[in-house]
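Numbering (our numbering), first residue to last: 11 to 276.
Heads up, the thing below is written out as structure tokens.
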Ligand code: PLP
């Protein structure tokens, strides 16, 4: 990691995500993560936001048709090694993204974020199930947190949900998206457990719960982008997830303090 992308034969990670002008999440942060995985990035903004390190105040979805044209132009011109899809803004954008992904067979990781951890503005205002239905044929993995998994699977997953309930939700989502990593489960007071359902099997990824970790901006974005980065470099899904979790955990331990509010992962 951290070797700059090759200049002769650069591998490109396509980023389809929101724009956080403060740089802690969304496209700017994703591009930094990509670089750390030796990948250059290309991509387009789905939703423009007004936010700072204290929170998200407003989200304005991009023009859907224009976004579709932007993605088709890039995909017709550049072979991409993997795709990270983040916030989708609107159902019209979700449809355009699904249509544009017809142009690539590269692995696609979707972080189905609809709401920021902090602040009131929306990153996706449509029906989560509609976005999932359109993207599903293209996905290698969807990475919801508990709240997002509830919305996508149509189940109730309270913060202290039983592991078995999270496993069932992950299996439901894997049935649609191929594989699902539900993040943010609690195995115990000091163990954070992410649950992967893939190929009819369940796997747990346990990590040490980091003091103040949930207060770091951009963790969901960074995790999905790092997984896509691993896949772009040829890793198998479980290895890409393991590598991404180690990367994000290390960054949460020493986050970037650029603004006056929450620190960010990169
Ligand atoms: N803003 C944008 C544009 C994002 O894409 C995301 C995460 O996906 C966020 C904000 C959310 O950041 P946080 O980690 O603070 O929930």
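Just so you know, even glycine gets a beta-carbon here, dropped at the ideal spot from N, CA and C.
Here the structure is a predicted model, which is why all the values come from computation and not from measurement.
Beta-carbon proximity of residue i to residue j, cut-off 7 Å
i, j, result
"residue 156", "residue 194", "yes"
"residue 274", "residue 228", "yes"
"residue 34", "residue 28", "no"
"residue 12", "residue 46", "yes"
"residue 26", "residue 53", "yes"
"residue 126", "residue 85", "no"
"residue 122", "residue 147", "no"
"residue 63", "residue 209", "no"
"residue 187", "residue 152", "yes"
"residue 204", "residue 183", "no"
"residue 43", "residue 236", "yes"
"residue 133", "residue 124", "yes"
"residue 15", "residue 58", "no"
"residue 56", "residue 90", "no"
"residue 23", "residue 238", "yes"
"residue 18", "residue 231", "no"
"residue 162", "residue 142", "yes"
Beta bridge counterpart(s) of residue i as assigned by DSSP
i, result
"residue 92", "23"
"residue 196", "202"
"residue 125", "132"
"residue 266", "274"
"residue 119", "94 and 151"
Same chain only: Cβ atoms within 7 Å of residue i, ignoring 5 sequence neighbours per side
i, result
"residue 109", "78"
"residue 100", "71, 74, 135 and 136"
"residue 167", "156, 159, 160, 175, 176 and 179"
"residue 266", "273, 274 and 276"
Contacts around residue i, its chain only, beta-carbon distance under 6 Å, and the 5 residues preceding and following it disregarded
i, result
"residue 233", "254 and 258"
"residue 200", "219"
"residue 202", "217 and 219"
"residue 117", "92, 150 and 241"
"residue 206", "191 and 213"
"residue 21", "49, 91 and 242"
"residue 262", "220, 223 and 226"
"residue 30", "36, 59 and 61"
"residue 181", "207"
"residue 244", "none"
"residue 128", "65"
Cβ neighbours of residue i in the same chain (closer than 8 Å, five flanking residues each side left out)
i, result
"residue 260", "none"
"residue 252", "215"
"residue 105", "74 and 144"
"residue 197", "173, 203, 214 and 216"
"residue 171", "156 and 195"
"residue 107", "26, 56, 77, 78, 81, 95, 98, 144 and 145"
(request) Go through the segment 15-78 residue by residue and report every complete run of the beta strand (DSSP E) that reaches 3 residues or more, in order. (result) 22-29, 50-62 and 65-71
(request) Only counting runs of 3 or more residues, tell me where the beta strand (DSSP E) segments fall wholly within the segment 199-259, in order along the chain. (result) 201-208 and 211-218
(message) Going residue by residue through the segment 139-202, where are the continuous beta strand (DSSP E) segments of at least 3 residues, counting only ones entirely within it?
(response) 189-198
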